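Before any comments, here is the structure.
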Amino acid sequence: MRQTDDAYILTDFQLQFLLLGIGCSSLYGLPQNKFNGDFKELYYQIHDLAVRNILHTSDGAFEICEPLKSWLFTSADAPAVYHILASGPPPRAFCAYLSDSMAVIMERYLYQKCSVRLMGIEKRVFYDEIKQILESCGIKEPKEPLPKELISKELWSFKQYLLGENQKKIYELFEKFSVEVADAMGEYRKRISVVHYYLENYLVAETGRTVDLFSFEMEKFVELLEKR
């Protein structure tokens, strides 16, 4: 698959070339193979973009087609970048570049070496996808909330555990899903992990810029993600 109705498959060189075309010299997120100086290969990559109608000429200059052009601008100007790791199935590792209304997702394309699958979706649709990924990791939203007294007691107990350096590990934490939040320049802001907790409580423990969310509540999760 080279291109679908809702996504573009680009080589690393092609992505770098297109980003330069919108004035973006580097992009925080997925590590990429840099241009190796082979101009014959570069010309082939540009020709491939033109054949696929990703690039077209206008007044003697190249113009990037839509919606890819808008997606690239969104990625370059994104105030928040999420680097997401999920344990599957299948395991996922991708970056999401978020604007006020849109999410642009970049993920390694497994069927073509050194390539990226890039797509843009509404932010609402993005969070729906996040919910599905969480559920694929075995983490589901609670049907009924636990009593506040029990939550407070268990949260206090867990915080005491976090503060103790040499205490016996009494909580079995198996990390299933995590998000590292940065800005467009790659400045680290915080890390949120969603994990199973043996009582399946709905607890949030915050230590510095690391937030652990025990079990899964979509509204709370979105609030933590978007909290600056």
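One gets the working numbering by counting positions in the sequence shown from 1 and adding 2 to each.
Ideal placement from N, C-alpha and C gives every residue a C-beta, glycine not left out.
Every value quoted in this text rests on a predicted model; they were computed, and no experiment measured them.
Check                                                                                                         : Outcome
First and last residue of the uninterrupted beta strand (DSSP E) at E124                                      : S117 to E124
Own chain partners of R119 with C-beta closer than 6 Å, once the 5 adjacent residues on each side are dropped : A9, I11, E109 and Y111
Stretch-stretch touch, CB-based, cutoff 8 Å, three pairs: the segment 42-51 with the segment 94-104           : no
Nearest candidate by alpha-carbon position, reference K125, set A105, S117 and E137                           : A105
Range covered by the alpha helix (DSSP H) that runs through S48                                               : It should be noted that the sequence gives Ile, not Ser, for residue 48. Start and end: F41 to V53.
Residues near V181 by beta carbon distance below 6 Å, same chain, minus five either side                      : Y84, I86 and I194
Euclidean distance between Cα positions of C139 and F64                                                       : 43 Å
Terminal residues of the beta strand (DSSP E) in which S60 lies                                               : L57 to S60
Limits of the alpha helix (DSSP H) - the one that E109 falls within                                           : Here E109 belongs to no alpha helix (DSSP H); instead the beta strand (DSSP E) covers M104 to R110.
For I135 and A52, the rounded distance between their alpha carbons                                            : 35 Å
Exposure label - L22; buried when at least 16 CB within 10 Å                                                  : exposed
Residue burial classification, S117 (beta-carbon count within 10 angstroms, cutoff 16)                        : buried
N55 versus L32 - alpha carbon distance                                                                        : 25 Å
Endpoints, the beta strand (DSSP E) within which F64 is located                                               : A63 to I66
DSSP-derived helix/strand/coil call for A9                                                                    : coil
Minimum C-alpha distance to F37 - residue among I24, F19 and L29                                              : F19
Cβ-based neighbour list, G1, same chain, cut-off 6 Å, excluding 5 preceding and 5 following                   : Given a span of 3 to 230 for the chain in the structure shown, any question on residue 1 remains unanswerable.
Alpha-carbon to alpha-carbon, D61 and I123                                                                    : 31 Å
For Y30, the three-state DSSP class (helix, strand or coil)                                                   : coil
Buried versus exposed call for D214 [16 or more other C-beta atoms within 10 Å across all chains shown]       : buried
Test item: CB-CB of I132 and K178 under 7 Å                                                                   : no
Same chain only: Cβ atoms within 7 Å of F128, ignoring 5 sequence neighbours per side                         : A98 and A105
Assigned secondary structure, F96 (DSSP; H/G/I helix, E/B strand, else coil)                                  : strand
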